[in-house]
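Taking it in order: structure first as structure tokens, then the write-up.
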Amino acid sequence: MIQCRRYSAFVLVALLCVLPHMLDRYWIDVCVSIGLYALLALSLNVILGQAGIFHMGHAAFYAVGAYVTAIVNTQFHIPVLWLMPLAGCAAALFALLVARPIIHLRGDYLLIVTIGIVEIVRIALINDVGGLTGGANGIFGISRPEIFGFTIKKSMQFYYLVWGMVGCSVLLLGWLARSRFGRALSYIKEDDVAAEGCGVDVARYKLMAFVFGAFWAGMAGTLYAAKMTIIAPESFSFMESVIIFAVVILSGGSQLGVLVSTFLFIGLPELLREFSNARMLLFGLAMMLMMIWRPQGLLPPLPRRYNVQAALAALRRRKAEAEPEHKAKAKQGEA
Amino acid sequence: MSTVSPLLSLCEVTKIFGGLVALNDIAFDVRENSIVGLIGPNGAGKTTVFNCITGNYVPEQGSITFMGHKLVGKKPHAIVEMGIARTFQSIRLFSSLPVVENVLAGQHCRLRSGLFASMLHTPAQRQEEKRALERAMDELDFVGLADKHAEEAGSLSYGNQRLVEIARALASDPRLLILDEPAGGMNDQETVALVDTINHIRARGITVLLIEHDMRLVMQVCKHLVVLEHGTMIAEGAPDVVSKHPDVIRAYLGAEDEL
Amino acid sequence: MEEFFQQLLNGLAVGGIYALVALGYTMVYGVLKLINFAHGDLFTIGAYLGMTLLVSSGMAGSLSPLLVLLVVFIMVALLVALVGCLLERAAYRPLRKANRLSAVVSALGASIFFQNAVMLIYGARLYVYPEDWRPDFTVDILGFTVPGVRLLVIMASLLLMFALHSFIQRTRTGAAIRAVAIDQSAARLMGINVDRIISLVFLIGPGLGGAAGMMVGIYYGQIDFTMGWSYGLKAFTAAILGGIGNIPGAMLGGLLLGVIEALSSAYISMAWKDAIAFLVLILILIIRPTGLLGERVADKL
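The structure is reproduced here in structure tokens:
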């Protein structure tokens, strides 16, 4: 199973590397957009997949990241890529503020509150809060990203930028999942009362997962703003959140699953384009059928691996060292 | 009376659920390095006492002191960190996770690597993880389940699940271990082994407070008993004294339970 | 004063509609612990079916308009109930034992499916409800002239809510529904046919939702295929506001949300009215984490 996944991951990486050379511009753009969704889904996976927090408003943090990037870039002309950490932090800060009072809510109550947040953000953007967001028209004239004086404008270049970022995310988030932090989230998802009873600060970890996921989504927002050069509130609607949510649930929770599921969800409507109007009808039907076909998701995460043999060896060594002392003590007792 | 201050001390603890008094003026001490049993008929409020100590419930009145620190108002995870670990009456393992990961949960509050160290797998973090794993395997070995480390916790037998819960609690380095019906669901053989395990735990310098219905086990391991009925304490003392106490006999015979 | 009174009545009318839709969410949640995201689109189907039936009932011109409205109203409720029941069979029953969120995604898929089905059949344009059937009388209350349609909507929704409440509280089947909501396996052991009860709930909920859809058409005079999203979301909000799974809670939540919305769009800001509704919801949940009438579930240890 592990082997099989590893091979398919290699094949996927190789395929992703050569893919843009085999596609025309339109399909490369589709792949760029799949990459952006993959980033969002990977970050939502930390919140929804790993910690089990019902969160259906991820587009809100994406929007904060994109708008912070757009505003700072158009007003102060700071290069967009430099703004990635700032956008991430802004989204994280926003997540911290809104999530703090509500993170303790139970499943479905939290679900509607997160939907509420994404709607409030969208309405605030349309109503041009602070005269900064440009209302329903949004913001245009965002500059292209530059790396070492090299401007990225072609679709192919964006493809590698976005998928490079996806690659980094898969690595970093994968490591995070295989740590104390990732385990804590698993415990919380499995049974939060037991987790708290074992010494896990459940409220804090839930909040951390939420804020961390928002940070990542904010950074994805920067890439989106840089790619589009125009952003508008309608790009961050509830429907976007729903799609990211569905991607994560269909994925089953593993990172490979998230990537496959993103391709299915975002690529499918494109493949169905020839059905023109009926395309979304078929998409909805596919969503139902996929869930019925695989209720547990495409690829559930494999168990974390531990080097138990090394630990057991250390245990045996210590026992062997303790043994002579033990015997000596026993002899003293007899005497 | 005693010159050494007790490890845990409950004072006038009262817990009310929607007008119903679940615990009324509970007061007892748990001395360091002892094994104390909390017994009483079903519904006497034993588990409620535990939940008040572990911070799952907040008592309306009274104070609970552990090593000189007040516990009331603290969150359960903070109380674990202070050195009180527990098991649950209805087993609460992370049943779809492997056994070793369940035990690692106990180590969680003793680990220090933060978000970034965890994400980057820094050398210090890796070292810490290694030690945590060794500790977890140590505890699994202690309860005799080291060979089951990779199994899904939910797939183990009832008795083994109880042992994994004990290992998980021990992995948090407790001074006081609270066991809620540790022999529940165990067969005779397993119960006998459990007596040994509990004695070994005490030999490690860990104080044990337990609820148990199996009176043979209670009489064998406990040096001190506290008896509850209808949320009030009716007796306290050494097992042989308590078992002759008229109120205790009445409470148990009334409840048609064997003593 | 006049404006306040009118807005209050307007809020009650809209709130009554929200409440009817919210009942569908809350009842389904009660028995399946599932948020039926397709419920809003069943409501849209009700609105479109109502329109089609009213237009095609032109030949019944000799009958009184109110009678025709009533007959069409009942037909719509029955037809949408049927669709709801089929939906449960096709999209939710296979997922009954799966992870809760998988069923939620299936519901979201069903929602997209229905919305686009309506669009394909009727086209992506706004529809005006047939004027001939729109009650255009007015009533004087306390010296204010109130449009009759407003009163009719309020009365119809209150009547339906009252009927549902008595059904749930007074009949054996109602008791069975309550039992299934509390504990499915215990209910099954008591000899209740759980599948039948769930089907029944998927008849009642969508039936009420479809009726509400037609009420919106009559009340506002126009409908479009995306209306299910916004009304569905509002009604879900109302259900949560009252405490999800709680039937009186959904009624209270719906009415309250309608009034809050009407008053805030009149006195605070039209552009922000949806945001205000959500803000109120969030504030209420911060104070009462399980909604207004929801039970506080303590963790079982």
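Those protein sequences? They're chains S, W and C, same order as listed. Counting from 38, one number per residue, gives the positions in the first sequence under this note's numbering. Counting from 178, one number per residue, gives the positions in the second sequence under this note's numbering. Counting from 3, one number per residue, gives the positions in the third sequence under this note's numbering. Glycine included, C-beta positions come from ideal geometry on N, C-alpha and C.
query, result
"Proximity to Asn-164(S) [Cα-Cα], best of Phe-302(S), Arg-342(S) and Ala-269(S)", "Ala-269(S)"
"Residue-level contact to chain S via CB, Ala-370(W), 8 Å cutoff", "no"
"Alpha-carbon to alpha-carbon, Phe-227(C) and Tyr-129(C)", "9 Å"
"Per-residue contacts from Ala-161(S) into chain C (C-beta, under 8 Å)", "Ala-277"
"Cβ pair Phe-45(C), Tyr-233(C) closer than 8 Å", "yes"
"For Cys-68(S), the three-state DSSP class (helix, strand or coil)", "helix"
"Beta bridge counterpart(s) of Asp-142(C) as assigned by DSSP", "Thr-147(C)"
"For His-246(W): DSSP bridge partner residues", "Phe-243(W)"
"Coil, strand or helix - Tyr-131(C) by DSSP", "coil"
"Euclidean distance between Cα positions of Met-327(S) and Ile-288(C)", "36 Å"
"Own chain, CB closer than 8 Å to Leu-274(W), minus 5 neighbours either side, in chain order", "Glu-329 and Ala-330"
"Chain S contacts made by the region 102–115 of chain C, where a contact means CB separation under 9 Å", "Arg-102, Leu-103, Ser-104, Ala-105, Val-106, Val-107, Ser-108, Ala-109, Leu-110, Gly-111, Ala-112, Ser-113, Ile-114 and Phe-115"
"For Cys-68(S) and Val-235(W), the rounded distance between their alpha carbons", "54 Å"
"7 Å CB neighbourhood of Pro-338(S) in its chain, flanking five on each side removed", "Gly-290 and Ser-291"
"Exposed unless 16 or more other CB atoms sit within 10 angstroms - verdict on His-326(W)", "buried"
"Any chain S beta carbon closer than 8 Å to Asp-417(W)", "no"
"Proximity winner among Ile-230(W), Ala-309(W), Val-425(W) and Gly-321(W), relative to Met-348(S) (alpha-carbon distances)", "Note that residue 348(S) is Ala in the sequence shown, not Met. Comparing Cα-Cα distances from Ala-348(S) to each of Ile-230(W), Ala-309(W), Val-425(W) and Gly-321(W), the minimum goes to Ala-309(W)."
"Simplified DSSP assignment, three categories, for Lys-190(S)", "coil"
"For Glu-305(W), the first and last residue of its enclosing beta strand (DSSP E)", "That residue, Glu-305(W), is in no beta strand (DSSP E); its alpha helix (DSSP H) goes 300–319."
"Span of the alpha helix (DSSP H), counted from its first residue to its last, around Gly-255(S)", "239–265"
"Contact set between Phe-204(C) and chain S, taken where Cβ atoms lie within less than 7 Å", "Residues of chain S passing the Cβ test: none, with the nearest at roughly 16 Å."
"Within chain B, the residues that Asn-164(S) reaches when beta carbons sit closer than 9 Å", "In the structure shown, chain B cannot be found, because the protein chains are S, W and C."
"C-beta atoms of Trp-253(S) and Gly-72(S) nearer than 8 Å", "no"
"Any alpha helix (DSSP H) of 4 or more consecutive residues that is wholly inside the region 16–94 of chain C", "41–58 and 67–89"
"Contact set for Glu-433(W): own chain, Cβ-Cβ below 8 Å, skip 5 residues either direction", "Interpretation of Glu-433(W) is limited by its pLDDT of 48, a score under 50 that renders its predicted location unreliable; the figure taken from the coordinates is listed afterwards. None."
"is_contact[Ala-268(C), chain S] using C-beta, thresh 8 Å", "no"
"Cross-chain neighbours of His-326(W) in chain S, by beta carbon under 7 Å", "Val-345"
"Rounded distance between the beta-carbons of Val-23(C) and His-41(C), thought under 8 Å", "7 Å"
"Element boundaries [alpha helix (DSSP H), containing Val-83(S)]", "Val-83(S) -> no alpha helix (DSSP H), and no H or E assigned at all."
"Cβ shell of Arg-43(S) (< 6 Å), same chain only, five flanking positions each side left out", "none"
"Host alpha helix (DSSP H) of Glu-367(W) (start-end)", "365–380"
"Val-207(W) to Thr-225(W) span [Cα, whole Å]", "17 Å"
"Backbone CA spacing between Leu-352(S) and Ala-282(W) [nearest angstrom]", "19 Å"
"Test: Asp-202(W) CB closer than 8 Å to a CB of chain S", "no"
"Residues bridged to Asp-357(W) (per DSSP)", "Ile-388(W)"
"Cross-strand partners of Thr-409(W) (DSSP beta bridge)", "Glu-406(W)"
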